[in-house]
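Scroll down for the structure; my scribbles are underneath it.
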Amino acid sequence: MNAYEYILVKQIQWALNHGIPLIGSKGNRGRPAYTEELEDNLFQHLMPEVEKCFKDGDGGELTGNPSKMQAVHSSSALGVNIFQYWKNINQVSEIAYACGFCRKTTKRSKDIIFEGKYQIDKKFQYSPNIDVVIKNDLASRHKVFAIECKFTEAYSNREHSGLKEKYLELDIWKNLPKLKNFAVSISPEDNRFHHLHPAQLIKHVLALKKSFGRTGFRLLYLWYDAFGYEGAKHREEISEFIEVTKSDNIYFHALSYQELIVKLADNFRDTHGAYIEYITSRYL
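The numbering of the sequence shown is the working numbering, which starts it at 19 and goes up by one.
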C-alpha cells in the first residue's frame, strides 16, 4: 500500500468508526471519501472570519457540493482542525510554541489567519496563498510565522510545476544567492523533486520577503509523514531545501504533523482534553 492510499484509508476508517456517512466527490459517484456535511469533517464549526478567509482564497476549498474541505484527507480541513482551536480560545502563542517558532513563555503571537495572500510583484495575476499565518505583535522581530501545510499532496501521482522563468527576472533576489541558484535548477521544469514542491516554497519566501524583509518572518513546512520509501525520499528532499535556505539565512524549518500532535498532547492534554483526544485519535 502506497503512502497516499494508506493515509486515505486511515481517514475513511476514522469516519466509519465514528458513524460519519461518506459520499463520493460527485455525490453518488466517486470513491466515498467526503463527509455529507462539512461540520462532520471538523473538530469545531468554522469561525465566520475563518470561513471568510477560505472564501477569499484562490483554492476554492469551500466551493462545490461536496467541497474540497469535506474530503476526509483534506489538507485544509487538517489545518483548520489543528490551528482554529487556538484562535478560537485566543491562545495563539501556545500553538506557535508547539510549532517550534518560539519559547513556551513567549506571548507575542496574537492571531491566526488562513489562506493569507502576499504579493511578490504586481505583474503576477495571483499572489501566493499561505495556508496558515500566525500574526505577531508589532514589537516582534518576526512579524509573522507562516506555515505551508501538506497532508496527502506529497504522495499523490500529480506532477508539480517548476518555477517559471519570469520569477528569475525579479529584483527581489538580493541577498538570496543560494536560493536563486537553486531556483534556476528547477526552472522552468522541476525534474529533481517528486514529493516536495520547492517552487511553491520559493514563491512563499519571495512574497514574505517582499512584505517583511529577509529576517522579518519565519516559514514552516508542516507535512504528514509516512512510512517506507516515499516518506524517506520526502524527508531527504525537505532536508535539501533546508540546507539551501540556511545558506541564505532564511528562517525556514520543517516539522511533521505527527511530531506537532505529540508535542501538543505532551503539553496540553490536561487543559485541552477534548481537542487532544480528537487530533490524536484521528491523525496519529
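All residues carry an ideal CB built from backbone N, CA and C; glycine is no exception.
C-alpha distance - residue i paired with residue j, whole-angstrom precision
{"i": "H63", "j": "S174", "result": "28 Å"}
{"i": "I113", "j": "F235", "result": "16 Å"}
{"i": "E67", "j": "Y144", "result": "22 Å"}
{"i": "C3", "j": "P146", "result": "Absent from the model: residue 3. The displayed extent of the chain is 19 to 302, so no value can be given."}
{"i": "Y115", "j": "G291", "result": "18 Å"}
{"i": "T263", "j": "N35", "result": "42 Å"}
{"i": "R126", "j": "I41", "result": "42 Å"}
{"i": "I190", "j": "C120", "result": "27 Å"}
{"i": "K161", "j": "H252", "result": "29 Å"}
{"i": "K184", "j": "P195", "result": "17 Å"}
{"i": "D266", "j": "N83", "result": "44 Å"}
{"i": "A21", "j": "G231", "result": "37 Å"}
{"i": "L238", "j": "E166", "result": "6 Å"}
Beta bridge counterpart(s) of residue i as assigned by DSSP
{"i": "R236", "result": "F163"}
{"i": "K168", "result": "W241"}
{"i": "A89", "result": "Y52"}
{"i": "G45", "result": "G42"}
Residue span of the beta strand (DSSP E) that contains residue i, given as start and end
{"i": "V150", "result": "147-154"}
{"i": "G134", "result": "127-135"}
DSSP state of residue i mapped onto helix, strand, coil
{"i": "W32", "result": "helix"}
{"i": "E79", "result": "coil"}
{"i": "K274", "result": "Checking the sequence shown, residue 274 turns out to be Ser, not Lys. Note: S274 maps to strand in three-state DSSP."}
{"i": "L40", "result": "strand"}
{"i": "A16", "result": "For the chain, the structure presents residues 19 to 302; residue 16 sits outside this window and is missing."}
{"i": "C71", "result": "helix"}
{"i": "S158", "result": "coil"}
{"i": "K182", "result": "coil"}
{"i": "Y144", "result": "coil"}
{"i": "E57", "result": "helix"}
{"i": "R287", "result": "coil"}
Selected residue, minimal CA-CA separation from residue i, among the options
{"i": "P39", "options": "V90, M19, Y24", "result": "V90"}
{"i": "L316", "options": "L224, I165, D208", "result": "Residue 316 is absent from the model: the chain starts at 19 and stops at 302."}
{"i": "I260", "options": "I294, L197, V280", "result": "L197"}
{"i": "Q109", "options": "R210, K192, I130", "result": "I130"}
{"i": "D58", "options": "T233, L194, D74, V98", "result": "V98"}
{"i": "E258", "options": "L278, H213, I294, K228", "result": "H213"}
{"i": "R159", "options": "T233, D74, D243", "result": "T233"}
{"i": "L181", "options": "A172, I204, D139, G249", "result": "I204"}
{"i": "N4", "options": "K227, K105, E255, K44", "result": "Any question about residue 4 goes unanswered here, given that the chain covers just 19 to 302."}
{"i": "F163", "options": "A272, E248, D74", "result": "A272"}
{"i": "E254", "options": "F142, L186, Y269, P216", "result": "P216"}
{"i": "E55", "options": "Y242, R49, L80, S179", "result": "L80"}
Residue range of the unbroken alpha helix (DSSP H) whose run includes residue i
{"i": "A217", "result": "216-230"}
{"i": "Y269", "result": "Looking at the DSSP string, Y269 is not in any alpha helix (DSSP H), and its letter there is neither H nor E."}
{"i": "S205", "result": "No alpha helix (DSSP H) holds S205; DSSP gives it neither H nor E."}
{"i": "Y247", "result": "246-265"}
{"i": "I190", "result": "Taken as a continuous stretch (DSSP letters only), I190 belongs to no alpha helix (DSSP H), as it is neither H nor E."}
{"i": "Y115", "result": "110-116"}
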